[in-house]
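A.B. asks:
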Amino acid sequence: MPSVSQSISFGKRVKTEFSEKNVTFMAGGIAYNALVSLAPLLILLVLAVSFVGGGLEDRLVSAAEESLPGPIADVVTQIFTAGAATGVSVIGLIVLIWGTLKVFRGLDTAFSEIYETEDDNSFVDQIVDGLVVLVALVIAIIATIVATTVFGIFADTIPYIGVLTPLVLIAGLVVAFFPIYYRFPDADLGWRDVLPGVVFAAVGWAALQGLFQLYLAFTSGSDSVFGGVIVVITWLYFSGLVLLLGAVLNAVVGGHSSGAAGGVGSAATGAERPVDATELDRAELASYLRELRQQLTGEYEEMEPEAMVWAERQPENNVEIQDRDGTLRKYRPITTPDDTVSVIEHTSHTDGREQSVTIRWRTPDDEADS
Numbered sequence: 001m002p003s004v005s006q007s008i009s010f011g012k013r014v015k016t017e018f019s020e021k022n023v024t025f026m027a028g029g030i031a032y033n034a035l036v037s038l039a040p041l042l043i044l045l046v047l048a049v050s051f052v053g054g055g056l057e058d059r060l061v062s063a064a065e066e067s068l069p070g071p072i073a074d075v076v077t078q079i080f081t082a083g084a085a086t087g088v089s090v091i092g093l094i095v096l097i098w099g100t101l102k103v104f105r106g107l108d109t110a111f112s113e114i115y116e117t118e119d120d121n122s123f124v125d126q127i128v129d130g131l132v133v134l135v136a137l138v139i140a141i142i143a144t145i146v147a148t149t150v151f152g153i154f155a156d157t158i159p160y161i162g163v164l165t166p167l168v169l170i171a172g173l174v175v176a177f178f179p180i181y182y183r184f185p186d187a188d189l190g191w192r193d194v195l196p197g198v199v200f201a202a203v204g205w206a207a208l209q210g211l212f213q214l215y216l217a218f219t220s221g222s223d224s225v226f227g228g229v230i231v232v233i234t235w236l237y238f239s240g241l242v243l244l245l246g247a248v249l250n251a252v253v254g255g256h257s258s259g260a261a262g263g264v265g266s267a268a269t270g271a272e273r274p275v276d277a278t279e280l281d282r283a284e285l286a287s288y289l290r291e292l293r294q295q296l297t298g299e300y301e302e303m304e305p306e307a308m309v310w311a312e313r314q315p316e317n318n319v320e321i322q323d324r325d326g327t328l329r330k331y332r333p334i335t336t337p338d339d340t341v342s343v344i345e346h347t348s349h350t351d352g353r354e355q356s357v358t359i360r361w362r363t364p365d366d367e368a369d370s
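According to UniProt numbering, the sequence shown is numbered sequentially starting from 1.
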């Protein structure tokens with residue numbers, strides 16, 4: 001169970017990563033890509049549901065009208081109706097898939113920025129990841145519609161079953177979001193590594209839906225076409241913001257963020273990029289760690305005795321132990337005196353077992369380097 005101080009420290013790290021990685025800016029780009037990809041995505045969804053059959057097309061439209069805020073539901077319903085009445089050729093299907101992948105490529109890039117793995121995120125990776133997520137998303141939506149329909153059938157016979165409907169929505173969102181958080185970061189992740197962000201995003205989307213419906217119930221002015229577009233864009237923006245905040249949460253929990261000002265991604269703000277990567281032997285590593293200790297703590301390894309120094313040899317293992325009365329020699333450390341130094345150990349399994357240690361600290365405002 002984390003302590004209050006640990007929770008506060010974790011919250012500060014999430015806030016720092018959220019602001020330094022320009023998450024709000026990336027959410028705006030995702031909202032634009034989502035708006036462009038909305039029609040192709042929904043038409044593809046109609047085609048997939050039509051292929052399954054069983055009257056799911058009408059149920060899909062009803063679910064959109066019931067669960068989405070008014071103007072957004074109107075746009076989605078119009079696209080569904082137009083898509084269901086329009087045939088599509090092979091070339092048209094390819095164009096639809098390409099248009100749909102635009103939003104997923106934007107999400108893939110944003111996740112790589114947050115996880116600082118943009119060098120491993122090639123164009124081919126984006127296409128493959130986007131296709132995997134697209135298929136998983138369609139399956140999750142169809143499964144959610146089927147589950148909601150089943151709940152509706154038994155609503156009159158089983159009391160209080162309607163209370164579980166929001167949980168079905170959240171469960172469907174968890175299934176839909178899981179491949180996004182698993183594939184897009186381009187990092188070695190397990191299912192436990194992505195679950196916190198997935199659950200956060202699913203609950204956040206469900207809460208966002210309720211907030212928008214509440215907002216639209218007490219406001220007017222969105223009945224016009226222009227007002228409806230503004231509502232749709234705003235909803236897409238905050239939806240993208242929740243998704244990316246879940247990614248930041250996972251990156252901080254898993255130690256995949258550097259914590260440096262601006263991070264290391266190409267969209268990061270500010271500052272210098274960490275470019276030092278050196279292979280050290282054991283002796284060089286020992287020297288480097290001694291120097292790092294002095295920089296972080298202001299303390300040398302050698303002692304300046306203030307009193308006598310004595311040594312004793314333990315008979316059982318013939319080890320000499322020296323006891324010194326005195327204090328460490330000190331100079332001004334580069335860390336902020338009242339702040340803590342965070343140490344994150346991370347283990348990954350690729351071809352072998354790889355250990356990494358991230359040390360994060362803050363410098364005083366008058367220090368130029370860290």
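Ideal Cβ positions, reconstructed from N, Cα and C, are used throughout, including at glycine.
Nothing here was measured: the structure is a model prediction, and the numbers come from that model.
1) Determine the burial state of Ser-257: buried for a count of at least 16 other Cβ atoms within 10 Å of its Cβ, exposed for fewer.
2) Taking the straight line between their C-alpha atoms, what separation do you get for Ala-217 and Ala-251?
3) Ser-293 to Ala-286, Cα distance in whole Å?
4) Cβ-heavy atom distance between Ala-247 and the ligand GTP below 6 angstroms?
5) Leaving out five residues before and five after Leu-41 in sequence, what residues of the same chain have Cβ atoms less than 6 angstroms from its Cβ?
6) By the three-class DSSP mapping on this structure, what secondary structure does Ser-3 have?
7) Less than 7 angstroms separating the beta-carbons of Val-242 and Ala-201?
8) Report the option in Phe-238, Ser-122, Gly-246, Val-138 whose CA atom is closest to the CA atom of Tyr-182.
9) Quick one: grab the DSSP three-state call for Asn-22.
10) I believe Thr-148 touches Val-174 by the beta-carbon criterion, under 8 angstroms. Please report the beta-carbon distance rounded to the nearest angstrom.
11) I'd like to check one pair, Ala-110 with Leu-244: are the Cβ atoms closer than 7 angstroms?
12) Using the C-alpha atoms, what's the distance from Leu-134 back to Thr-165?
13) Between which two residues does the alpha helix (DSSP H) containing Gly-172 stretch?
14) Can you grab the Cα-Cα spacing for the pair Ala-161 / Phe-154, in whole Å?
15) Alpha carbons only, please: which of Val-248, Glu-291, Gln-295 is nearest the one belonging to Asn-22?
16) Start and end of the alpha helix (DSSP H) containing Gly-204?
17) What's the gap between the Cα of Gly-28 and the Cα of Tyr-237?
18) Alpha carbon to alpha carbon, how far is Gly-210 from Ile-170?
19) Are any of the Cβ atoms in chain B nearer than 7 angstroms to that of Leu-296?
20) Tell me which residues share the same chain as Ile-180 and place their Cβ nearer than 6 angstroms to its Cβ, disregarding the 5 neighbours each side in the sequence.
21) Since Ala-286 is in the alpha helix (DSSP H), which residue starts that stretch and which ends it?
22) Starting from Thr-358, follow its DSSP beta bridges and name the residues at the other end.
23) Sorted by chain position, which residues of the same chain lie with C-beta nearer than 7 angstroms to Ala-140's C-beta, five sequence neighbours on each side aside?
24) Given a threshold of 16 other Cβ atoms within 10 Å of its Cβ, counted over all protein chains shown, does Gly-190 qualify as buried or as exposed?
25) Taking 7 angstroms as the threshold (C-beta atoms), are Phe-178 and Val-198 in contact?
26) Just to confirm, are residue 385 and Ser-5 a CB contact at a threshold of 7 angstroms?
27) Report the residue from Val-124, Leu-44, Pro-185, Ile-94 whose alpha carbon sits nearest the alpha carbon of Leu-107.
28) Ordered along the chain, which non-local residues of its own chain (more than five positions away) have a Cβ less than 7 angstroms from that of Ala-117?
29) Would you mind giving the Cβ-Cβ distance between Gly-240 and Ala-34, rounded to the nearest angstrom? I have them listed as a contact below 8 angstroms.
30) In the structure shown, what three-state DSSP assignment does Ile-158 receive?
31) From Trp-205 to Pro-196, what does the alpha carbon distance come to, in whole angstroms?
32) Pick helix, strand or coil for Thr-117, following the three-state DSSP scheme.
33) Give me, in chain order, the residues of the same chain whose beta-carbon lies closer than 6 angstroms to that of Val-343; leave out the 5 immediate sequence neighbours on both sides.
34) Classify Glu-17 as helix, strand or coil using the three-state DSSP reduction.
C.D. replies: Once the coordinates are examined:
1) buried
2) 37 angstroms
3) The sequence given here has Arg at residue 293, not Ser. Rounded to the nearest angstrom, the two C-alpha atoms are 11 angstroms apart.
4) As presented, the structure is devoid of all ligands, the ligand GTP included, so that no description of it is given.
5) Thr-100
6) coil
7) yes
8) Gly-246
9) coil
10) Not confirmed; about 15 angstroms, so no contact.
11) yes
12) 24 angstroms
13) 165 to 183
14) Residue identity check: residue 161 is Ile in the sequence provided, not Ala. Their backbone Cα atoms lie some 8 angstroms apart in a straight line.
15) Val-248
16) 191 to 217
17) 6 angstroms
18) 13 angstroms
19) Absent from the structure is chain B; it holds one protein chain and no more.
20) Val-133
21) 282 to 297
22) Ile-344
23) Gly-172, Val-175, Ala-176
24) exposed
25) yes
26) In the structure as shown, the chain begins at 1 and stops at 370. Residue 385 is therefore absent and cannot be evaluated.
27) Pro-185
28) Position check: residue 117 holds Thr in this sequence, whereas Ala was assumed. Pro-185, Asp-186, Ala-187, listed in sequence order.
29) 7 angstroms
30) coil
31) 14 angstroms
32) coil
33) Ile-359
34) helix
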